[in-house]
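Here this note's numbering is used: the first residue of the sequence shown is 17, the next is one more, and so on. All C-beta atoms in this analysis are idealised placements derived from N, C-alpha and C, irrespective of residue type, glycine included. Following: one structure in structure tokens, then a few remarks.
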Amino acid sequence: MKKVIGILTVVVVFTCILAGCDANENKKKVATDGSTSMEKVIGALGEAFENENSGVTFTYNPTGSGTGITAVAEGRCDIGLSSRNLKDEETAKGLEATILAYDGIAVIVNPSNPVADMDMETIAKIYRGEITNWKDVDGNDGEIVLIGREANSGTRDGFESITDTENACKYRQELPSTGDVITAVANNPNAVGYASVASVKESVKAIAVNGVAPTESTIKDGSYKIQRPFVLVTKQGADLSKTASEFFEFCLSEEAKAIISEAGVVPAN
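If you want it as structure tokens, here you go:
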């Protein structure tokens, strides 16, 4: 009898272990990876999706656009996040881009800097190192300190392509995240940088470009020229899980529009 009880105990324990493993494997998860500029909007969407779907776990890994795109290509996440359009060599790998929203890239300076407006040509000359002192653009007498993002950044790619400064910027610092750029500019009265409009804080000042301030309305009507898409990246032939697919559809839904707008960017749909 004891032997039978012992066997039954082992069976029950083993069954429970298998059930536990199966439950872990079937947990509802959505994994995203990529653009640090999309942190606010994707975080808000993820939180709303979790609140509406009991048991769902949403994760976001802020690694930068290029790294997020690679993560999708290699199957290490469900959805990649990019703050630039896909390149030809990326679409050739079977990657697909779905535009979630449009975001302006603000040119930011220290609040103590009197400069409030620059045209696109002047911004380009500053970043190419052709203008090196703020007094030459109606600012204080001081060497301009150029702050930018690292080479893998979608924000950098967008800023340089729009301002025609690709491979020509004379950066003093190349930083790994939007937050780092904002902090660097906030701490240096002679610094200039660029950051997602949705991420700009009171610690820095976003200047007008060609007389147009970076706002939701000017991004939406196209009058603010330094803007780029926020993109959801997926891979052809790699079916999303049911939960990830539902999250993807949620991001493009009518309900999501208000969440996206509240995050400071313009819904694409």
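Same chain only: Cβ atoms within 7 Å of residue i, ignoring 5 sequence neighbours per side
i           : result
residue 279 : 56, 57, 60, 214
residue 132 : 223, 224
residue 64  : 275
residue 217 : 198
residue 281 : 57, 117, 118, 119, 214, 246
residue 204 : 126, 161
residue 89  : 109, 111, 251
residue 66  : 72, 74
Spatial neighbours of residue i in its chain, beta-carbon cut-off 8 Å, leaving aside the 5 residues before and after
i           : result
residue 147 : 138, 141, 153, 160
residue 197 : 124, 163, 164, 165, 191, 209, 210, 211
residue 48  : 58, 62, 74, 75, 76, 77, 84, 93, 94, 95, 96, 97
residue 144 : 181, 184, 185, 186
residue 130 : 154, 155, 156
Straight-line Cα distance separating residue j from residue i
i           : j           : result
residue 128 : residue 225 : 18 Å
residue 76  : residue 151 : 42 Å
residue 50  : residue 206 : 30 Å
residue 83  : residue 168 : 7 Å
residue 41  : residue 92  : Low local confidence applies: a pLDDT of 41 at residue 41 is under 50, so the model's placement there is unreliable, and no value is given.
residue 173 : residue 111 : 18 Å
residue 235 : residue 283 : 11 Å
residue 194 : residue 69  : 30 Å
residue 220 : residue 277 : 22 Å
residue 255 : residue 136 : 42 Å
residue 158 : residue 54  : 33 Å
residue 102 : residue 126 : 32 Å
residue 272 : residue 183 : 37 Å
residue 156 : residue 237 : 33 Å
residue 233 : residue 285 : 15 Å
residue 107 : residue 253 : 13 Å
residue 185 : residue 267 : 35 Å
residue 105 : residue 86  : 12 Å
Beta-ladder partner(s) of residue i, from DSSP
i           : result
residue 240 : None; residue 240 has no bridge partner.
residue 246 : 117
residue 149 : 159
residue 76  : 48
residue 283 : 117
residue 165 : 191
residue 210 : 123
residue 98  : 247
residue 225 : 134, 228
Same chain, Cβ closer than 6 Å to residue i, neighbours up to 5 away in sequence not counted
i           : result
residue 44  : 71, 72, 259
residue 192 : 166
residue 46  : 74, 94, 259, 260, 263
residue 114 : 248
residue 38  : Summary for residue 38: the model assigns pLDDT 39, below 50, so the residue's position carries little reliability, and this model does not support an answer.
residue 230 : 120, 122, 213, 222, 240
residue 269 : none
For residue j and residue i, believed in contact at Cβ under 8 Å, the rounded distance
i           : j           : result
residue 240 : residue 249 : Not confirmed; about 25 Å, so no contact.
residue 96  : residue 52  : With 8 Å as the limit, residue 96 and residue 52 do not qualify as a contact, their Cβ atoms being about 13 Å apart.
residue 99  : residue 171 : 6 Å
residue 202 : residue 189 : In fact, because the Cβ distance is near 13 Å, the residues do not count as touching under 8 Å.
Report task. Decide if the region 115 to 130 is in contact with the region 169 to 178; the criterion is three or more beta carbon pairs, one per stretch, under 8 Å apart. Result -> yes
Report task. Please confirm if the region 254 to 265 is in contact with the region 228 to 245, defined as three or more CB-CB distances below 8 Å between the two stretches. Result -> no
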